[in-house]
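The next block holds one structure in the form of structure tokens; read it before the comments.
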Amino acid sequence: MSAIYIHIPFCRQKCAYCAFCSFAKSEDKIDEYIFHLTKEIESFNYDKVEGIDTIYIGGGTPSLLKTYQLKRIFDALYKKFKVKKDAEITIECNPNSLTLAKAKFYNKLGINRVSLGVQSLDKNNLKLIERLHSPSKALKAIDILKESGIENISVDLLIGLKESFSSFAFHLQQLIEKGVKHFSLYMLQIERGTKLEKLVNENRDLLLNDDACVEFYQKAVEFLKKNRFLQYEISNFALRGFESRHNIKYWTGSEYVGFGMSAHSFFSGKRFANSSNFKEYYQGKREFCEQLTLQDRIEELIMLGLRCSYGTSKKDLKNLGYNIEENANFLELVKQKIIKEKGDRFYLNPSFYGVSNDIIIKLLP
Amino acid sequence: MERFQKIRNFCIIAHIDHGKSTLADRLIESTGTLAKRDMQEQLLDSMELEREKGITIKLTPTTMHYTYEGEEYELNLIDTPGHVDFTYEVSRSLAACEGAILIVDASQGVEAQTLANAYLAVDNNLEVLPVINKIDLPSARPEEIKKEIEDVIGIPAMHAPCISAKDGTNIDQVLQMIIKEFPSPVGDENGKLKCLIFDSYYDNFKGAICLIRVFDGKVKVGDKIRMMHTGKTYEVTEVGIFVPFAKQKDCLMAGEVGYLTGSIKNISDIEVGDTITHDDDPTNDALSGYKKVQPVVFCGVFTVDGAKYNDLKDALEKLKLNDASLSFQPEVSQALGFGFRCGFLGLLHLEIITQRLEREYNLDIITTAPSVYYRVHKTDGSMVELSNPSSLPSPVEIDYIEEPCANVHIFTPPAYVGAIMELCQDKRGIYKDLVYLDTNRVKLNYSLPLGEIVYDFFDSLKSRSKGYASLDYEISDFERSDLVRVDILLNGEKCDALSIIVHKDKAYTRGRALVEKLKKIIPRQLFEVPIQAAIGSKIIARETLSAMRKDVLAKCYGGDITRKRKLLEKQKEGKKRMRRIGSVEIPSEAFMSILKLDDEDK
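Protein chains in written order, with the working numbering: chain A, 1 to 365; chain B, 1001 to 1602.
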């Protein structure tokens, strides 16, 4: 186990598309939460001596935390774990709550990577999805980070909002020129129970339709490629050397442990998650815990590997008892050049990322 | 008083839903045959499905005792199925009786099967007595209905009892009428044995059981009997009557109705309408009216999960135990794998069997479009009979094809005559005549190809007449017809299970409708898929299914992995209901969709 995730379930305001575990206007609860969070870290049962290589603080809006609150978490972490010198430590930030003072403090704490929730640089779209920041504020946040000494900056953007591709490309260009090293492009998904779902039900034309969305995505992939950004996962693009080490651990089946409400862990063959309710979390309750079966592990290897440029190892699957070369679908997909092979590994032809689910399903045992 | 004079054998006939089973229940209850607490709603309909659909398929005779003016009478009620698919079974049940109660709904009046069944009873020399049912309904108009019966059917109805089988009103009148008006059986109990088999069923312990009416002689345990048409012989192991549950007796005598067992293994060894006699002292003449039952509607039955073929086979064999009219033989389809081509007496029969397969045997099944039997005359002078479109020989080998036709009688309020005639015309019907039965009812007679009747005719008729028209038909003859096979090609590959045989003039519209429908039903694939309809090598319609673009999970991080894996597993489970033709995956609904083409167009 060499990766840690910390969940901060607080936001100033809930975004229209968000179905994550986060609570708006609950800032008075943060201290109590930090108390329980640090307690959870302290009592973690861990006796393997292995250095921590990546830490990721996600949310919610971790940048909402005051410096002393964040420090408590780091104190607890450093006390419990041996964190490697060159560890990748990421924090998710909202352009609105980021200040120069905070950014400098992050740097001092050892945080060396920031994932910035920009989502869009289109004023109307930001309003539609109920983000509190303006386009200029987002660009400003990048300047602040650079000034504080944090260079490894990733930006999240949504695809599926209505805008012309040329304006989107212009925004990408602006961000690249500002020095963004990494992009996460997410095709907007309408989650159940969100405000956006309601809006879309009222107006079907609010967002791009599926075909247009994929076309838009493919153009964005092309654009980033021209600008030397490598697509190392369906939604993730990085300049060489700036891939997210933490996320790659998720996708390669490495162990990680999550602290905080609704945080997920993969540890000693089990996947488990904390409760996503304050009271239950404070009582130490789990949302679920499951021991992965051989079948589950095979499915994960295929599902995760095919979303990444490096694909899945046939040998790994064989070790779990699945010879994929005996799957007729596999052979057909190879023939159709949808699946490509490179030595022991097979990977999905990036032109088919838009329909990856359908292909993954065909390859499951 | 002679024994015969105290027996009445009768049945109840009616249009569907006019209350036949309810009256039967009431009679059983009123005669004290069964205590009220033992009564199940509509007792005679023993199958769950029948009770649910409110229709009777299986016949169960019941012996009741009723005292009238100091004399005890034995009343044998033979229930009959009320659907057009089972006309032959009805006619054999009628042949076992001397009288028939004709129930007519007090608000709906004479319907197609009222008339068809009444004629059937008259043809069998039965005394037909009308009863007006459902007089408890506010819309009841018994006096008008009585007149309608006299005008339309031509039997006296002025003294018909007006009852409510539901409430039990005037049931005694019916019982008294049975005794006073129905003739008692005649026969020679010392003569040579002559019994009519009017039904059969299968019992796990006793084997196949014959339901019989004894006309002459007597039959008892140990007798060596012979079935006159099949020639098979058996030793009688048990005889008895139903009260309404089976009750053993020493013997059954002329005039009586009951059952007979003889270690008969298969229900198919018993043919309804056959005559039973003594093997060593046979009667010379068998009872008339025997017909070999032939299936008229066919379809392929497959399991959604191909691995369940054996379960389907077992289920069909079990159903066949109790249903001699069901036929099936193995069939292999490129698209659907291993399955069976099943033959049915009609569409209702088909529907009942497929529903029982799903409900009682928990099978997920796919049925192909129903078809009829075609006679294909080849250029080499030979003739083949076939029901599966995909076994039709190539056009160059065919001299001509004949298809079965039916005489169709439709009863409808005059307002819908135009729409119905249009429908019949559209279905290649030949107009015979139109009769005004009274001011608000018309009888239309058409000759229609049976193939058109099995292809959504009932539904269209119902929708065009707002449910008011009723229908009856009897198969007439084979007629020469200009038929072609329309094939469906998916990505250039023929899908055998979607082929249909249609009249040449309709091939284009049917083909066009089919490809349009399939385009809606088949989900988009990784590649663009052409959907074509073709006659031989000639393409008559084409649609293109564009390639799938989006089927992707937005993000997949630590927290998502479990949830996303489960989503994919679910999506994969959904794929199991898909069939593959070459590289195209089609959902099982597609195979049934052929049937529903017309609904949406109108």
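Where a beta carbon is used, it is the ideal one built from N, C-alpha and C, also for glycine. Everything numeric in this text was worked out from a predicted model, so none of it was measured.
Check, Outcome
"Bridge partners of Cys-21 (chain A), per DSSP?", "Per DSSP, none; premise fails for Cys-21 (chain A)."
"Starting from Gly-1240 (chain B) and walking both ways along the beta strand (DSSP E), at which residues does that stretch end?", "1238 to 1242"
"In the structure shown, what three-state DSSP assignment does Gly-1255 (chain B) receive?", "coil"
"Is the CB of Met-1548 (chain B) under 8 Å away from at least one CB in chain A?", "yes"
"Could I get the ranges of all uninterrupted beta strand (DSSP E) runs contained in the segment 1301 to 1386 of chain B, with 3 residues as the minimum, in chain order?", "1327 to 1333, 1337 to 1344, 1365 to 1367, 1374 to 1378, 1383 to 1386"
"Taking the alpha-carbon positions, what's the Leu-1423 (chain B) to Glu-1479 (chain B) distance?", "20 Å"
"Let me make sure I understand the geometry here. Which of A:Ile-359, A:Arg-307, A:Cys-308, A:Tyr-353 has the alpha-carbon closest to that of Asn-327 (chain A)?", "A:Ile-359"
"For Arg-307 (chain A), which residues in chain B fall below 7 Å Cβ to Cβ?", "Cys-1556"
"Report the neighbours of Ser-254 (chain A) on chain B: residues whose CB is nearer than 8 Å to its CB, in chain order.", "Going along chain B, no residue has its Cβ under 8 Å from Ser-254 (chain A), so there is no contact; the nearest lies around 10 Å."
"Which runs of the beta strand (DSSP E) at least 3 residues long sit entirely within the segment 1500 to 1580 of chain B? Give them in chain order.", "1500 to 1503, 1529 to 1535, 1538 to 1545"
"Along chain B, which residues have their Cβ under 8 Å away from the Cβ of Glu-332 (chain A)?", "Ser-1583"
"Measuring straight from C-alpha to C-alpha, what distance separates Lys-270 (chain A) and Gly-1558 (chain B)?", "13 Å"
"Rounded to whole angstroms, what is the Cα-Cα separation between Val-1502 (chain B) and Ile-1353 (chain B)?", "25 Å"
"Please report whether the beta-carbon of Arg-1565 (chain B) lies at a distance below 8 Å from any beta-carbon of chain A.", "yes"
"Let me know the secondary structure DSSP gives Gln-1294 (chain B) once reduced to three states.", "coil"
"Residues in the same chain with beta-carbon distance under 6 Å from Phe-237 (chain A), minus the five sequence neighbours each way, listed in chain order, please.", "Phe-183, Leu-224, Phe-229, Gln-231"
"At the level of alpha carbons, what is the spacing between Gly-354 (chain A) and Asn-1362 (chain B)?", "37 Å"
"Are Gly-1258 (chain B) and Ile-1225 (chain B) touching if we call contact CB-CB under 8 Å?", "no"
"What are the start and end residues of the beta strand (DSSP E) that includes Arg-274 (chain A)?", "With the sequence shown as reference, residue 274 (chain A) is identified as Asn, and Arg is not the correct amino acid for it. Its beta strand (DSSP E) spans residues 270 to 274."
"Name the chain B residues that come within less than 7 Å of Ile-361 (chain A), Cβ to Cβ?", "Leu-1568, Gln-1571, Lys-1572, Lys-1575"
"Less than 8 Å separating the beta-carbons of Ile-1365 (chain B) and Phe-1591 (chain B)?", "no"
"Quick one: give me the first and last residue of the beta strand (DSSP E) that Ala-1208 (chain B) is part of.", "1207 to 1216"
"Between Ser-2 (chain A) and Thr-54 (chain A), which are expected to be in contact by the criterion C-beta below 8 Å, what is the C-beta distance as a whole number of angstroms?", "7 Å"
"Tell me the DSSP secondary structure of Gln-13 (chain A) in three-state form.", "coil"
"Quick check on the burial criterion: 16 or more other C-beta atoms within 10 angstroms. Buried or exposed for Lys-85 (chain A)?", "exposed"
"Using a C-beta to C-beta distance shorter than 9 Å, which residues of chain A count as neighbours of Ile-1267 (chain B)?", "Going along chain A, no residue has its Cβ under 9 Å from Ile-1267 (chain B), so there is no contact; the nearest lies around 43 Å."
"Given a limit of 8 Å on CB to CB distance, which residues of the segment 280 to 313 of chain A reach chain B?", "Phe-288, Glu-290, Asp-296, Glu-299, Glu-300, Met-303, Leu-304, Arg-307"
"Alpha helix (DSSP H) containing Lys-279 (chain A): first to last residue?", "278 to 282"
"Within 8 Å (strictly less), CB to CB, does Asp-358 (chain A) reach chain B?", "yes"
"Check whether the Cβ atoms of Val-1396 (chain B) and Val-1384 (chain B) lie closer than 8 Å to each other.", "no"
"In chain order, what residues of the same chain lie with their CB nearer than 6 Å to the CB of Glu-255 (chain A), ignoring the 5 residues before and after it?", "Met-1, Phe-266, Phe-267"
"Given Gly-1343 (chain B), which residues of its chain have a CB within under 6 Å of its CB, disregarding the five upstream and five downstream residues?", "Pro-1295, Phe-1298, Ser-1327"
"Within a Cβ cutoff of 7 Å, which residues of the same chain sit near Lys-1427 (chain B), ignoring the five residues on either side of it in sequence?", "Leu-1448, Glu-1452, Phe-1457"
"For Asp-1281 (chain B), collect the residues of the same chain with a Cβ closer than 8 Å to its Cβ; drop the 5 residues on either side in sequence, then sort them by chain order.", "Lys-1192, Leu-1193"
"In the segment 66 to 141 of chain A, which residue ranges form an unbroken beta strand (DSSP E) of at least 3 residues, counting only runs that do not cross its ends?", "83 to 93, 113 to 119"
"Below 8 Å between beta carbons: does that hold for Ser-1481 (chain B) and Ile-1410 (chain B)?", "no"
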